[in-house]
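Counting in my numbering, the sequence shown tops out at residue 272, every number present.
We put the beta carbon where it would ideally sit given N, CA and C, even for glycine.
On a predicted model such as this, the values are computed, not experimentally measured, just so you know.
Quick notes on the structure that follows.
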Amino acid sequence: METTTTTDTPGQTPFTLRVWASFGLLLLVACLVATFMITLRDAIEGDGAGGMFIVAGFWALAAGAVAGVAALIVPRRGLVIAQYCLAIAGPFLAVMD
């Protein structure tokens with residue numbers, strides 16, 4: 176009879192996830208500033224009207240903020256990952272316009 180041993184690797188603690196979520200909120204603020212700068216550059220150099228990708232970028236940042244606050248309240252790894260992905264998606268979508 177063979178015996179197998181498994182090692183239980185503990186996941187991240189709720190405190191650690193909350194710290195990452197709080198850093199994610201700081202990232203969201205930086206990405207919000209970057210999205211504003213991209214939008215203003217597009218307004219000055221472009222046609223003067225914001226397109227749908229700029230709107231989508233701001234909505235992505237808003238959804239990232241909601242995910243970040245939710246990750247602070249109920250620390251889940253998926254919420255923190257979603258927060259970071261949505262934060263990066265904001266300026267990326269605004270650049271595409």
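Exercise for the section: Can you say whether L215 is buried or exposed, counting buried as having 16 or more other CB atoms within 10 angstroms of its CB? Expected result: Here residue 215 refers to the residue found at position 40 of the sequence shown. Label assigned to L215: exposed.
Problem - Span separating the alpha-carbon of I263 from that of A246 - result: Looking up residue 263 in the sequence shown gives position 88. Looking up residue 246 in the sequence shown gives position 71. So the two alpha carbons sit approximately 17 Å from each other.
Exercise for the section: Taking the CB atoms as reference points, tell me whether R199 and V249 lie closer together than 8 Å. Expected result: Counting from 1 along the sequence shown, the entry for residue 199 is found at position 24. Counting from 1 along the sequence shown, the entry for residue 249 is found at position 74. Sequence check: residue 199 is Gly here, not Arg. Contact flag unset, no.
Problem - Beta-carbon gap between L268 and A231 smaller than 8 Å - result: For the purposes of this step, residue 268 is identified with residue 93 of the sequence shown, where counting begins at 1. For the purposes of this step, residue 231 is identified with residue 56 of the sequence shown, where counting begins at 1. Yes, Cβ-Cβ distance for L268 and A231 is below 8 Å.
Practice task
Under 8 Å by Cβ, that's how I've got C206 and G265 pegged, so tell me the actual separation to the nearest angstrom.
Solution key: Indexing the sequence shown from 1 puts residue 206 at position 31. Indexing the sequence shown from 1 puts residue 265 at position 90. Indeed they touch by this definition, with Cβ atoms about 5 Å apart.
Practice task
Going by CA-CA distance only, name the one from T188, G186, L192 that's closest to Y259.
Solution key: Counted from its first residue, the sequence shown places residue 259 at position 84. Y259 has its Cα closest to that of L192, out of T188, G186, L192.
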